[in-house]
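A.B. asks:
2 protein chains.
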Amino acid sequence: MSKRGIELRRILAHNVRTFRRQKQLSQEELADLCGLHRTYVGSIERAERNATLSTLDTLATALNVSVPDLLIKKDIYRDEY
Amino acid sequence: MSKRGIELRRILAHNVRTFRRQKQLSQEELADLCGLHRTYVGSIERAERNATLSTLDTLATALNVSVPDLLIKKDIYRDEY
Chain A
-2 MSKRGIELRR ILAHNVRTFR RQKQLSQEEL ADLCGLHRTY VGSIERAERN ATLSTLDTLA
58 TALNVSVPDL LIKKDIYRDE Y
Chain B
-2 MSKRGIELRR ILAHNVRTFR RQKQLSQEEL ADLCGLHRTY VGSIERAERN ATLSTLDTLA
58 TALNVSVPDL LIKKDIYRDE Y
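Heads up: the protein sequence lines correspond to chains A and B, in order. With our numbering applied, the first sequence corresponds to residues -2 to 78, in that order. With our numbering applied, the second sequence corresponds to residues -2 to 78, in that order.
1) Under 8 Å between the Cβ atoms of residue 44 of chain B and residue 35 of chain B?
2) Would a check of beta-carbon distances place residue 71 of chain B closer than 8 Å to chain A?
3) Can you pull the chain B neighbours of residue 117 of chain A, defined as C-beta to C-beta under 9 Å?
4) Against chain A, with Cβ distances strictly below 8 Å, would residue 32 of chain B count as a contact?
5) Who are the neighbours of residue 39 of chain B on chain A, taking C-beta pairs under 9 Å?
6) Going along the chain, which residues of the region 6 to 30 of chain A sit with their C-beta nearer than 9 Å to a C-beta in chain B?
7) Contact defined as beta carbons within less than 8 Å: I believe residue 67 of chain B pairs with residue 56 of chain B. What is the distance between those atoms, to the nearest angstrom?
8) Would residue 68 of chain B count as contacting chain A if we go by Cβ distances under 8 Å?
9) Between residue 2 of chain B and chain A, is there a C-beta pair that is closer than 8 Å?
10) Classify residue 14 of chain A as buried or exposed, calling it buried when 16 or more other Cβ atoms lie within 10 Å of its own Cβ.
11) Determine whether the beta carbon atoms of residue 5 of chain B and residue 64 of chain A lie at a separation below 8 Å.
12) By the criterion of Cβ-Cβ separation under 9 Å, what are the contact partners of residue 62 of chain A in chain B?
13) Specify, as a first and last residue, the run of the alpha helix (DSSP H) that residue 41 of chain A falls within.
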């Protein structure tokens, strides 16, 4: 995968984690909402997965955001930890 | 896949076709730019594919747009045929 492809995984990872925490959901709770395994959500948040459109759609629906929202690089990365 | 998942494939299909035509590229030319098979690009434009992040990245790079641009539903669908 191109360097930019890896960057895209990282953007998705960051955004899923940020939106999930904003909603005060654990990885397990988000996974349950999505019908995905908890370890799968974890691997998305570690930028390990080449997610598909259907996974993006499922995550966006559960987080109540749009799919583009999940893939837009935020200008400001606040310290969220 | 959810109804919204199918809608997402259709948005991608529409946007890839629209950007490709704006750049006056054939499906084959776009496929060559992407290192993908021509029939694969055709199947994306027919909303048949559950594309991955890496494919979205490859298409966006070749079309010189952002990945979110490929997945944003346009408000106005002009007659493009």
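The beta-carbon is built from N, C-alpha and C at its ideal position, and this holds for glycine as well.
C.D. replies: A quick look at the data gives this:
1) Residue 44 of chain B sits at position 47 when you count from the first residue of the second sequence. Residue 35 of chain B sits at position 38 when you count from the first residue of the second sequence. Annotated as distal: residue 44 of chain B and residue 35 of chain B, with beta-carbon spacing of 8 Å or more.
2) Sequence index remark: in the second sequence, residue 71 of chain B carries index 74 (1-based). Cβ-Cβ to chain A under 8 Å: no for residue 71 of chain B.
3) Past the boundaries of the shown model lies residue 117 of chain A; chain A is included only from -2 to 78, so the question cannot be answered.
4) Here residue 32 of chain B corresponds to residue number 35 of the second sequence, with the count starting at 1. No, because no Cβ of chain A sits closer than 8 Å to the Cβ of residue 32 of chain B.
5) As a first step, residue 39 of chain B is located in the second sequence; it is residue number 42 there, counting from the start. Per Cβ cutoff of 9 Å: no residues; residue 39 of chain B is ~17 Å from chain A at best.
6) 6, 8, 9
7) Counting from 1 along the second sequence, the entry for residue 67 of chain B is found at position 70. Counting from 1 along the second sequence, the entry for residue 56 of chain B is found at position 59. Correct: roughly 6 Å between the Cβ atoms.
8) Numbered from 1 along the second sequence, position 71 holds the residue referred to as residue 68 of chain B. At least one chain A Cβ lies under 8 Å of residue 68 of chain B.
9) Numbered from 1 along the second sequence, position 5 holds the residue referred to as residue 2 of chain B. Yes, residue 2 of chain B counts as interfacial toward chain A.
10) For the purposes of this step, residue 14 of chain A is taken as residue 17 along the first sequence, with counting starting at 1. Its Cβ being crowded by 16 or more others within 10 Å, residue 14 of chain A is buried.
11) The residue you call residue 5 of chain B lines up with position 8 of the second sequence. The residue you call residue 64 of chain A lines up with position 67 of the first sequence. Yes, these two residues count as a Cβ contact at 8 Å.
12) To locate residue 62 of chain A, count along the first sequence from 1; it is residue 65. Simply none; closest approach about 12 Å.
13) Counting from one through the first sequence, the residue named residue 41 of chain A turns up at place 44. Per DSSP, residue 41 of chain A belongs to the alpha helix (DSSP H) from 35 to 42.
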